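Accompanying notes for the structure given below.
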DNA sequence: GTCAGTGCAAAGCTTTTGCAGCGCG
DNA sequence: CGCGCTGCAAAAGCTTTGCACTGAC
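Protein chains in written order, with my numbering: chain A, 1 to 151; chain B, 1001 to 1151.
In structure tokens:
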């Protein structure tokens, strides 16, 4: 399974760089480093966290560049922006086969991912009903996790 | 129908003030004004918008108070915080009978509300599966609205 | 009379913008 | 060799905090 994930993220990196090229963007070291960083993360991270992670890895990138690159990737649908309600935007690679949603614990702040087929099915019929051309959707649950409830 | 809405919001105001009293909070003019303002709005508004609306109505309230009151109401589950992806928190009265979700147009920024029974049903089974005690949930769709698509 | 509620101003954070210089194509 | 990508620093919001004062109970 670990191999499958690695393969999946390599594909995402390739797809992403291809899409950027097609959209008329030039290659750049800072952007490549950020894309690589995004591919290493399993779940959403804030711009500041990504910036710090790159710095820790010895590949310092300007904060402005982190925001600019994330903006571009979100616009192209290659990265998903996630807001869990604390006023900070988080970002994660938009890998169709790894599509998921998030549940936040109000007590400890933990964020976990989950998937549900019925939920996706219910969402899939909404665009037609609303008359919108939906390109992304996000479901957020908040409550108390099992650990906090036990404590 | 208009009457039903007014009745519903009056109920929400009463429920809210009662809940605050029970939670040990004292009454206050600024808070009452903000609660009234929230009851007048049909959909989510930012703290700044609420602050400006109160000012426009001649009932000036400090910005800090707006944020503090909203925080309290969200914690008590009387107000729902909504994040549509622009980094600004929006707030709306949490009226169970008016429960809904939001769809945002990436082009014109328009925000619309919608409800869907199948969606709610799919969400209702998630808490048991996740082991969380879910107290709130939020669904956000983004895409292009009919008007923008036609243009 | 006590202490929560409130307003103002200052501070804190995340995010954006301006600008000069490097480097891809 | 032009123009986009980057970094740094400054600016721009949104939101929070500190503090003194008012007003509810």
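Just so you know, even glycine gets a beta-carbon here, dropped at the ideal spot from N, CA and C.
Bear in mind the structure is a predicted one, so any value in this text is a computation, not a measurement.
Identity of the residue in 1013/B, 1095/B and 1134/B nearest residue 143/A by Cα: The residue labelled residue 143/A in the question sits at position 143 within the first chain. Per the Cα distances, 1134/B.
I need the straight-line Cα distance from residue 145/A to residue 25/A, nearest angstrom please. The residue labelled residue 145/A in the question sits at position 145 within the first chain. The residue labelled residue 25/A in the question sits at position 25 within the first chain. Taking the straight line joining both Cα atoms gives about 43 Å.
Please determine if the segment 1048-1068 of chain B and the segment 102-119 of chain A are in contact, where contact requires at least 3 C-beta pairs separated by less than 8 Å. Contact between the segment 1048-1068 of chain B and the segment 102-119 of chain A is absent, because fewer than three Cβ pairs lie under 8 Å.
Proximity test, Cβ basis, 8 Å: residue 116/A and chain B: Against the first chain, residue 116/A aligns to sequence position 116. Yes, because at least one Cβ of chain B sits closer than 8 Å to the Cβ of residue 116/A.
At the level of alpha carbons, what is the spacing between residue 35/A and residue 48/A? What you label residue 35/A is simply residue 35 of the first chain in a count that begins at 1. What you label residue 48/A is simply residue 48 of the first chain in a count that begins at 1. Going by the C-alpha atoms only, they are around 15 Å apart.
Within 8 Å, strictly: CB atoms of residue 1070/B and residue 1079/B: Locating residue 1070/B in the second chain gives position 70, counting from the first residue. Locating residue 1079/B in the second chain gives position 79, counting from the first residue. With a cutoff of 8 Å on beta-carbon distance, residue 1070/B and residue 1079/B are scored as near each other.
For chain A, check one thing: does any of its Cβ atoms lie closer than 8 Å to the Cβ of residue 1085/B? Counting from one through the second chain, the residue named residue 1085/B turns up at place 85. It does: the Cβ of residue 1085/B has a partner Cβ on chain A nearer than 8 Å.
Against chain B, does residue 90/A count as a neighbour if the rule is that its beta carbon must be under 8 Å from one of theirs? In the first chain, the residue the question calls residue 90/A occupies position 90. Taking a beta-carbon distance threshold of 8 Å, residue 90/A does not count as an interface residue toward chain B.
If you measure beta-carbon to beta-carbon, which residues of the segment 1028-1052 of chain B are closer than 7 Å to chain A? Listed in sequence order: no entries.
Less than 8 Å between the beta carbons of residue 111/A and residue 43/A, yes or no? Counting from one through the first chain, the residue named residue 111/A turns up at place 111. Counting from one through the first chain, the residue named residue 43/A turns up at place 43. Cβ distance < 8 Å, so residue 111/A and residue 43/A count as in contact.
Nearest candidate by alpha-carbon position, reference residue 124/A, set 1124/B, 1016/B and 1140/B: Taking the first residue of the first chain as 1, we reach residue 124/A at position 124. For residue 124/A, the nearest C-alpha among the options comes from 1140/B.
In angstroms with no decimal places, state the Cα-to-Cα distance between residue 16/A and residue 93/A. The sequence position of residue 16/A within the first chain is 16, counting from 1. The sequence position of residue 93/A within the first chain is 93, counting from 1. Near 9 Å, if we compare the C-alpha coordinates of residue 93/A and residue 16/A.
Can you name the start and end residues of the beta strand (DSSP E) that residue 140/A belongs to? Counting from 1 along the first chain, the entry for residue 140/A is found at position 140. Counting along the chain, the beta strand (DSSP E) containing residue 140/A begins and ends at 133-144.
I believe residue 1100/B touches residue 1114/B by the beta-carbon criterion, under 8 Å. Please report the beta-carbon distance rounded to the nearest angstrom. Locating residue 1100/B in the second chain gives position 100, where the first residue counts as 1. Locating residue 1114/B in the second chain gives position 114, where the first residue counts as 1. Rounded, the Cβ-Cβ distance is 6 Å, consistent with contact.
Residue 1113/B - partner residues in DSSP beta bridges: Mapped onto the second chain, residue 1113/B falls at position 113. In the DSSP output, where bridge partners are listed per residue, residue 1113/B has 1102/B.
Which residue marks the beginning of the beta strand (DSSP E) containing residue 1079/B, and which one marks its end? Residue mapping note: residue 1079/B aligns to position 79 of the second chain, counting from 1. Following the DSSP letters along the chain, one finds residue 1079/B inside the beta strand (DSSP E) bounded by residues 1079-1083.
In chain A, which residues lie with their C-beta within 8 Å of the C-beta of residue 1108/B? Translated into the one-based positions of the second chain, residue 1108/B becomes position 108. Chain A residues near residue 1108/B: none, gap ~12 Å exceeds 8 Å.
Pairwise C-alpha distance: residue 8/A and residue 40/A: Here residue 40/A refers to the residue found at position 40 when the first chain is read from its first residue. Here residue 8/A refers to the residue found at position 8 when the first chain is read from its first residue. CA-CA distance, residue 40/A to residue 8/A, rounds to 11 Å.
From what residue to what residue does the beta strand (DSSP E) around residue 1057/B run? Position 57 of the second chain, counting from 1, holds the residue named residue 1057/B. Boundaries for residue 1057/B: no beta strand (DSSP E) harbours it, and the DSSP string shows neither H nor E there.
How about residue 137/A: is its C-beta nearer than 8 Å to some C-beta of chain B? Taking the first residue of the first chain as position 1, residue 137/A is located at position 137. So yes, residue 137/A belongs to the interface.
Rounded C-alpha distance that separates residue 1107/B from residue 1151/B: Counting from one through the second chain, the residue named residue 1107/B turns up at place 107. Counting from one through the second chain, the residue named residue 1151/B turns up at place 151. The straight-line gap separating the alpha-carbon atoms of residue 1107/B and residue 1151/B is approximately 11 Å.
For the segment 1050-1072 of chain B, which residues have a beta carbon sitting closer than 9 Å to at least one beta carbon of chain A? Along the segment 1050-1072 of chain B, none of the residues has a CB nearer than 9 Å to a CB of chain A.
Taking the alpha carbon of residue 21/A as the point to measure from, which residue in 38/A, 51/A, 58/A and 72/A has its own alpha carbon closest? Within the first chain, residue 21/A is the residue found at index 21, counting from 1. Closest by alpha carbon: 72/A.
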